[in-house]
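Protein chains: 2
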Amino acid sequence: MAKRVSHKESLCGVARPLDAIGDWWSLLIVRDAFDGLRRFGEFQKSLGLAKNILSARLRNLLAHGIIETVPAPDGGPYQEYVLTEKGRGLFPLLVALRQWGEDFFFEPDEAHVLLVDKKAGLPVRRLELRAQDGRIVGAKDTFVRLPPTSPETE
Amino acid sequence: MAKRVSHKESLCGVARPLDAIGDWWSLLIVRDAFDGLRRFGEFQKSLGLAKNILSARLRNLLAHGIIETVPAPDGGPYQEYVLTEKGRGLFPLLVALRQWGEDFFFEPDEAHVLLVDKKAGLPVRRLELRAQDGRIVGAKDTFVRLPPTSPETE
DNA sequence: GAGGGTGGTTTTAGTTTGAAACCAACGTCT
DNA sequence: AGACGTTGGTTTCAAACTAAAACCACCCTC
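Sequence lines, in order, name chains V and R. This note's numbering numbers the first residue of the first sequence as 4 and each following residue consecutively. This note's numbering numbers the first residue of the second sequence as 4 and each following residue consecutively.
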C-alpha cells in the first residue's frame, strides 16, 4: 500500500484519505465492521477475497488507525478487529457511497437494502450539507478556499 | 478496470459504486471536475499523473457515465470532459471524504482548505444524516434492512 | 494423536500501473 | 510553405501490485 505519494508530499484533504482507504476492498471491510463483523474468518467469508489480501488490507487499516485489534473476544485465543474512532468516522462516507449507489446503480424496480433508523424503523433521509444558517447547499453553492495562511496545495 | 466481480454477480449498494470509482485517481479527477477543470491537459497538470493513466481513467469514467465529453468548448478542435448528473451526484461523497480527511489526517494546527458556502462566505457545516423526523442519526442508530422481497446480497 | 477449524504467511503467476517515448492533428510564426 | 510548439493522446516495457492456491502453526475435540 502507500501508493505514489511522490509528486506532492503534502496531499490535499481529499487525497490523503484516499491513500488510506482508496482501494476496492478496504471500504468493504469497514462496512462489514460497521455491520458487526469482527473476525478474520467472518470478513473473509463475507467478502470472498483471498486470505492474503484480507491480511494485507487489515494490516493497512491497522497501520492507518482505522481499525484496531482487541486481544480476546471472550477467552478465545484469537484477536478481533474493531473500528477505532477514526474508522467510525467513515460512516458518513459509507452512507454517501451507498446513497449514490442507490441513485445510479440500481434499476428503478431493483430491490436493494435500506439504511434504517433504529428508533423509528424508517429509512433515513438523504445526507444533507448545510450552510451555517441551515440552508441546504449543493456543489454549485460552494467552493474551496484556503484559510488565511497556507502553503497547502489544492 | 472492472475488477473482480466474480464471486457475486449482483454487488451490493456499496460495492457497485466502488467498481466505478474505487481507485485512487478517479475521485481526484471528479473533484477536479467539480473545481471546474475540463481539459485533458488541465487534469494532467493538476494531478501529475501519467497521461496513459489519465486516459484510462477518463475512459472508465466515461464508460460509467460519470463524465461525458462535450465536442467543442468555444471552437477549439478538442473535446472537454464535464460531469454528468451521475457525476455531480458524487458531491456528498467528496464532502464526506474531505471532512473525514480534515478530521483525522491533519494536525490540529495544520492549515487546509475549507469548503465554503458561496452565499454566506462561511464554511459549511458537517454532513448530517437525519431520520425522517429530523433527528440526526449516527452509525449506532441505524442498521441495514432488506426490503420486503429481495434476493439482494448485503 | 488424528482430524478439523481458525488465522494467517509464502509462493507464484497474472494483472495493473506508470514513466517515457512516440505520434498525429492543429495553430503560429517567419 | 515550412519549422516549431501545444494539445491530446497511444504504445512500449519494466516494476509494482493482486490474488489463487498451497502451506503452516496453533488450538481444540474426540
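All residues carry an ideal CB built from backbone N, CA and C; glycine is no exception.
* Asked: What is the DSSP secondary structure of R129(R), reduced to helix, strand or coil?
  -> coil
* Would you report the Cα separation of E155(V) and V116(V), rounded to the nearest angstrom? -> Note on E155(V): pLDDT 49, under 50, position unreliable in the model; the coordinate value appears next. Each residue's alpha carbon lies about 40 Å from the other.
* Determine the DSSP secondary structure at S153(V), reduced to helix, strand or coil. => Here S153(V) scores only 45 on pLDDT, less than 50, and its place in the model should not be relied on; the value that follows carries that caveat. Reduced to three states, the DSSP call for S153(V) is coil.
* To do: With distances taken Cα to Cα, identify the nearest neighbour of R133(R) among K121(V), D136(V), K143(V).
  => K121(V)
* To do: Please report the residue range of the alpha helix (DSSP H) in which R62(V) lies.
  => 54-66
* **Buried/exposed call for P150(V), threshold 16 Cβ in 10 Å** => exposed
* **chain V contact residues for D105(R), given Cβ-Cβ distances below 7 Å** => Here residue 105(R) turns out to be Glu, not Asp, going by the sequence shown. Within chain V, the residues near E105(R) are G16.
* To do: Tell me, please, whether the CB atom of R19(V) is closer than 7 Å to any CB atom in chain R?
  => yes
* Within-7 Å CB hit, K48(R) to chain V -> no
* chain R beta carbons: is any one of them nearer than 7 Å to that of D120(V)? -> It does: the Cβ of D120(V) has a partner Cβ on chain R nearer than 7 Å.
* Asked: DSSP on I139(V), reduced to helix/strand/coil?
  -> Of the three classes helix, strand and coil, the one that applies to I139(V) here is strand, per DSSP.
* **Cβ-based neighbour list, L30(V), same chain, cut-off 6 Å, excluding 5 preceding and 5 following** => I24
* Given a limit of 7 Å on CB to CB distance, which residues of the stretch 133-148 of chain V reach chain R? -> R133, A134, Q135, D136, V140, G141, A142, D144, T145, F146, V147, R148
* Asked: Can you give the Cα-Cα distance for D106(R) and P95(V), rounded to whole angstroms?
  -> 13 Å
* Cut-off 6 Å between Cβ atoms - residues of its own chain near L93(V), not counting five sequence neighbours on either side -> V33
* Can you have a look at N63(V) and say buried or exposed, based on whether 16 or more other CB atoms are within 10 angstroms of its CB? => Buried, since its Cβ has 16 or more Cβ neighbours within 10 Å.
* To do: Determine the extent of the beta strand (DSSP E) in which R41(R) is found, giving its start and end residues.
  => Segment: none, R41(R) is in no beta strand (DSSP E) and carries neither H nor E.
* Spell out the partners DSSP gives E88(R) in its beta bridges. => Beta-bridge pairing links E88(R) to no other residue.
* **Closest by C-alpha distance to T72(V), when choosing among R19(V), K89(V), R41(V)** => Comparing Cα-Cα distances from T72(V) to each of R19(V), K89(V), R41(V), the minimum goes to R41(V).
* In three-state DSSP terms, what is H10(V)? -> Here the model assigns H10(V) a pLDDT of 35, short of 50, so the residue's position is not dependable and the matter cannot be decided.
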